[in-house]
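If you read the sequence shown in the working numbering, its first letter stands for residue 462, the second for the next number, and so on.
Each residue gets a CB set at the ideal place from its N, CA and C atoms; glycine is no exception.
Below is one structure, written out as C-alpha cells, with a few remarks after it.
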Amino acid sequence: MARFSSLVLWEFLEDYRYQNNLTQIELCRRLGWQSTYYSRLKHDKMVNSETVMSVSEKLLVPLKDIVKGDKAYIRQALSEYPPEIMKWIVTDEGKRRIIDAYRDYLNEITK
Numbered sequence: 462m463a464r465f466s467s468l469v470l471w472e473f474l475e476d477y478r479y480q481n482n483l484t485q486i487e488l489c490r491r492l493g494w495q496s497t498y499y500s501r502l503k504h505d506k507m508v509n510s511e512t513v514m515s516v517s518e519k520l521l522v523p524l525k526d527i528v529k530g531d532k533a534y535i536r537q538a539l540s541e542y543p544p545e546i547m548k549w550i551v552t553d554e555g556k557r558r559i560i561d562a563y564r565d566y567l568n569e570i571t572k
C-alpha cells in the first residue's frame, strides 16, 4: 500500500477550504472525519493512499490536483508494480489503454 505525505494532503485541504469558504468543521463533515484527524495531518508524516483517493472522490477533485507531483508518493506507488508492467505503461499502447480506462471510470462515476 502506497503512503502519501500527510503535510502535502493537509496543504491541499487548507487551500481547498479557503477557496470554498469552508470552516474546518464543514470540511471534516464532507470528508466524514473527526476534526482531530484533520488537525493531526499537519503533524503526522504519512497517510495511506486510500485516504488521498477518498478525499479526491468525496470532494470531487482530480487526484492529480492533490498529488501535485509529490515525487516520493509517485515513486512509491509505481514501485508496487512489477517491472514488466512499468515497461508496458510507458509504451504508446499502455498510455492509451490507461487513458481509456480512466475515461471510462470517470464517465461511470459522473452519470
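Quiz item: How would you call Ile527, buried or exposed, if buried means at least 16 neighbouring beta carbons within 10 angstroms?
Solution: Counting from one through the sequence shown, the residue named residue 527 turns up at place 66. With 16 or more other Cβ atoms within 10 Å, it is buried.
Practice problem: Using alpha carbons as the reference points, say which of Thr571, Arg464, Glu569 and Asn568 lies closest to Val513. | Solution: As a position in the sequence shown, residue 513 is number 52, starting the count at 1. Closest option to Val513, Cα to Cα, is Arg464.
Exercise. To the nearest angstrom, report how far apart Trp549 and Gly555 are at their CA atoms.
Key: Translated into the one-based positions of the sequence shown, residue 549 becomes position 88. Translated into the one-based positions of the sequence shown, residue 555 becomes position 94. Just so you know, the alpha carbons of Trp549 and Gly555 end up roughly 5 Å apart.
Quiz item: Would you say Leu492 and Val516 are within 8 Å of each other, going by their C-beta atoms?
Solution: Counting from 1 along the sequence shown, the entry for residue 492 is found at position 31. Counting from 1 along the sequence shown, the entry for residue 516 is found at position 55. Cβ distance < 8 Å, so Leu492 and Val516 count as in contact.
Quiz item: So Gln485 and Ser467 are in contact, right, with Cβ under 8 Å, and what is the actual spacing, rounded?
Solution: Numbered from 1 along the sequence shown, position 24 holds the residue referred to as residue 485. Numbered from 1 along the sequence shown, position 6 holds the residue referred to as residue 467. 15 Å between Cβ atoms; not a contact.
Exercise. Would you mind listing the beta strand (DSSP E) stretches within the stretch 481-544 that are 3+ residues and don't spill past its ends, in chain order?
Key: Scanning the stretch 481-544 from its first residue to its last, the whole beta strand (DSSP E) runs of 3-plus residues come out as 507-509.
Self-check item: Cβ-based burial, Tyr499 [other Cβ within 10 Å; buried from 16]
Solution: Walking along the sequence shown from the start, residue 499 turns up at place 38. Burial call: buried.
Quiz prompt | Distance, Leu524 Cα to Tyr563 Cα | solution = Numbered from its first residue, the sequence shown carries residue 563 at position 102. Numbered from its first residue, the sequence shown carries residue 524 at position 63. Answer to the nearest angstrom: the Cα atoms are 12 Å apart.
Quiz item: For the candidate residues Leu539, Lys529, Leu502 and Cys489, whose alpha-carbon lies nearest to that of Leu520?
Solution: Residue numbering aside, residue 520 sits at position 59 when the sequence shown is read from its first letter. Cα-wise, what sits closest to Leu520 is Cys489.
Quiz item: Once you ignore the five residues that flank Phe473 on each side, which residues in its own chain have a CB closer than 6 Å to its CB?
Solution: In the sequence shown, counting from the first residue as 1, residue 473 sits at position 12. Correct list, in chain order: Ile527.
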